[in-house]
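K.L.:
One structure, as structure tokens, below. Some questions next.
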Amino acid sequence: MIRVRSFPAVACLLALSAACSAPPPAAPPAAPFSVVEASMADMQKAMAEGRVTSRQLVEQYLQRIALYEERLNATIAVNPNALEEADRLDAERKAGTLRGPLHGIPVALKDNIHTTDMPTTGGAVAFEGFIPPYEATLTKNLKAAGAIILAKTMMTELANFIAQGMPGNYNGLGGYGMNPYDPRRDPREATGDGRPVANTGGSSSGVGTAANFWAANVGSETSGSILSPSNQNMLAGIKPTVGRISRYGIIPITADQDTAGPMAKTVADAALLLGAMEGASPDPNDAATSICTPPPNRDYTVHLKRDGLKGARIGIPRAFYFDKLTVPGEKEPRGGLNEAQAKAMAEAIEVLKKEGAVIVDPADIPSVVDADAANNFLAWGTCSGTDGAKGKDANCSVVLKYGMKRDFNAWLDTLDDSGPVSTLSELRAWNLAHQSRGAIKYGQANLDVSDEMDLEKDKPRWEADRAKDIRLGGAHGIDEVMKAQKLDAILFPGASGAGIAAKPGYPTVIVPVAMVPNAPTPAFPEGFEAKPIPYGVSFTGMACSEPRLIELAYAFEQATKKRTPPASAP
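Okay, so the sequence shown: first residue is 8 according to my numbering, each after it adds one.
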């Protein structure tokens, strides 16, 4: 492993690169290839034409990591074998062999995805340096497609099911990830613990992809952790249907909602990466992988249609997501957009109309506007933290806290006693014994309420809550409005639809749409000028509708082309 906090180590890898590189050509190319904002198609074309090699791509990315990592803190580890792997792939290309669509392209993985050439820690101090005994299925699939796993990205510790109040992209091993669009720390006294002034999203990280540290990255999501960081880092992200991508070898929260998905600078790159991640057949280690049938040759790029919006029926869920709404049993309204966000969404809707889409407005989600609190999605929370402990959890879903204990312990069992702990209980005890090492800076209330679940006695409660989640999110939620209005997709502002789509495990594709003011509550101190932050739009559909969503998102992206790279990493 090479820890990029130690910059001499990265320098050594770069020095090794310089020492081992073949002699340069007699005359340098007229226009040297640059990885900055280059697409995967650009890279493949340049490698096919001999203008760049995979090794040179890796070298450029390593140089960028060395230049900007200290500012952005995007990386937990760098693959010490990356240059060797690049040389091997270059040799295969020279011999006329290409493994797949990602041949020679460097990508990064969230650090909860198993790799055996780098540690997999989940950002947890207890797992520092841990090399799992097997690779994740998706890691194998990416390598089979020719990808180089260049690095492991920062993440919120254990995918943000440790404690309440933990900032996105914080973990005990690496500290705080920074948003490249404003890589400064929060100046407010109440939140002046080192966290970034601009939210990075969580629990996956899009920082390194936004800053061109690698071509794209793989995140994971239980409820928002692909869509939120994509939104905050001006990326295109695809949160797949739960089960489309194997979860075997990914540190879990709950198999009920967990999925991995691609994050990239363009919809085209995200679509290419999605196909490489997906298995050609169901994974025997993950029964959910039989839910969706892969497209022919797992090729989603055929859905990159410039006219994809023509005739599409797009629903606008005004209640709560655009406009404030008072939930049954509550006095104060919730949700809605601020002025800048509303302006961005209004402009986005006009683009959809110009591109030939049929706008159904409003297309409110029935479970969101239901006057009966028992049937209202917003009145049904997720049990977490001390407020979601036993005895206080009558009106919230136990699915996450029950699933965390069930699936985290099941994951530990697959490690064959090679891990530092064997149960969730042991991890909690380890954390308490190692607080001086920063193991639980924000506590571990979520782990506590998860571990108090009895997997046998509480199973009926989990089954009931899981059924209610699916009903409110799916049957009485997204399904009901999409079927009634014959919609191709629902348009959500930013990542705001992640929560409701997560319950039934439905897919979403998000793309950049604007830069908006960073104006939190409480406000920043007088005289502090926060920089604008990215904002996106999400296209959400029912299970296995990724091909159609990619068509819609790609057409919108091509009509707008709103992504701009961060000035902090030129």
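Here a beta-carbon is modelled for each residue, glycine too, at the ideal position from N, C-alpha and C.
Return the bridge partner residues of A158 from the DSSP annotation.
P.N.:
V85 and A115
K.L.:
With 16 as the cutoff for other CB atoms within 10 Å, does A55 come out buried or exposed?
P.N.:
Answer is exposed; the Cβ neighbour count stays below 16.
K.L.:
Measuring alpha carbon to alpha carbon, tell me which of Y542, A53 and G450 ends up nearest N167.
P.N.:
G450
K.L.:
Could you say which of A355, N148, L454 and A154 lies nearest to V65 if we only look at CA atoms?
P.N.:
Out of A355, N148, L454 and A154, A154 has the C-alpha closest to the C-alpha of V65.
K.L.:
Just confirm the distance between the C-beta atoms of R1 and D118, as a whole number of angstroms; I'd bet it's less than 8 Å.
P.N.:
An answer regarding residue 1 cannot be provided, because it is not within the stretch 8 to 577 covered by the chain.
K.L.:
What's the call for E362, buried or exposed, on a 16-neighbour Cβ count within 10 Å?
P.N.:
buried
K.L.:
Figure out for me which residue from P194, G199 and N219 has the closest Cα to the Cα of Q70.
P.N.:
N219
K.L.:
Would you please state the rounded distance, in angstroms, between the beta carbons of A81 and P126? I believe it to be under 8 Å.
P.N.:
Actually they are not in contact, since the Cβ atoms of A81 and P126 sit about 17 Å apart, beyond 8 Å.
K.L.:
For G226, is the beta carbon positioned less than 7 Å from some heavy atom of the ligand NAP?
P.N.:
By its list of ligands, the structure shown contains no ligand whatsoever, and the ligand NAP lies outside what it can speak to.
K.L.:
Three-state secondary structure (DSSP) at I72?
P.N.:
helix
K.L.:
Across the region 483–500 and the region 365–378, are there enough close Cβ pairs to call them in contact, namely three or more that are closer than 8 Å?
P.N.:
yes
K.L.:
Where do the ends of the beta strand (DSSP E) carrying F546 lie?
P.N.:
I540 to T547
K.L.:
Between which two residues does the alpha helix (DSSP H) containing T567 stretch?
P.N.:
E553 to T567
K.L.:
Would you tell me roughly how many angstroms separate the C-alpha atoms of P500 and G543, rounded to the nearest one?
P.N.:
7 Å
K.L.:
So for K587, helix, strand or coil by DSSP?
P.N.:
Because the chain in this structure spans residues 8 to 577, residue 587 falls outside the shown range and cannot be described.
K.L.:
By DSSP, does T515 sit in helix, in strand, or in coil?
P.N.:
Strand at T515.
K.L.:
Have a look at D263 and P190 and give me their C-alpha separation to the nearest angstrom.
P.N.:
Roughly 35 Å separates the two Cα atoms.
K.L.:
Near V456, what residues of its chain come up, given a Cβ to Cβ distance below 6 Å and the 5 sequence neighbours on each side ignored?
P.N.:
G395, A396 and K408
K.L.:
Taking the alpha-carbon of T207 as reference, which of A223, S232, R195 and A197 has the nearest alpha-carbon?
P.N.:
S232
K.L.:
At 3 residues or longer, what runs of the beta strand (DSSP E) sit wholly inside the region 198–244?
P.N.:
Inside the region 198–244, DSSP marks whole beta strand (DSSP E) runs of 3 or more residues at positions 223–228, from first to last along the chain.
K.L.:
Could you work out which residue in D423, G426, L434 and A381 is closest to M411 when comparing CA atoms only?
P.N.:
When the alpha-carbon of M411 is set against those of D423, G426, L434 and A381, the nearest one is in L434.
K.L.:
What are the residues that DSSP puts in a beta bridge with I120?
P.N.:
I257
K.L.:
For A217 and Y75, what's the separation of their Cα atoms in angstroms?
P.N.:
For A217 and Y75, the distance between alpha carbons rounds to 12 Å.
K.L.:
Using 8 Å for Cβ pairs, my map puts K331 next to G342. What's the rounded Cβ distance?
P.N.:
Indeed, because the Cβ distance is near 6 Å, the residues count as touching under 8 Å.
K.L.:
Tell whether a beta-carbon distance below 8 Å holds between R100 and A151.
P.N.:
no
K.L.:
Using 8 Å as the threshold, is the C-beta distance between A386 and V334 below it?
P.N.:
yes
K.L.:
Checking 8 Å against the spacing of the C-beta atoms, do A355 and V520 come in under that value?
P.N.:
yes
K.L.:
What is the rounded straight-line gap between the Cα of K399 and the Cα of K338?
P.N.:
21 Å
K.L.:
When you compare each of F546, K568 and A574 to K538 by their alpha carbons, which one comes out closest?
P.N.:
A574
K.L.:
Using the three-state DSSP reduction, which class does I252 fall into: helix, strand or coil?
P.N.:
coil
K.L.:
Quick test of the definition: if touching needs 3 or more C-beta pairs under 8 Å, does the region 502–510 touch the region 526–535?
P.N.:
no
K.L.:
Tell me whether E564 is buried or exposed, calling it buried when 16 or more other Cβ atoms sit within 10 Å of its Cβ.
P.N.:
buried
K.L.:
Once the 5 residues before and after I138 are set aside, which same chain residues still bring their CB inside 7 Å of it?
P.N.:
T123 and P126
K.L.:
May I have the straight-line CA-CA distance separating A560 from P259, to the nearest angstrom?
P.N.:
28 Å
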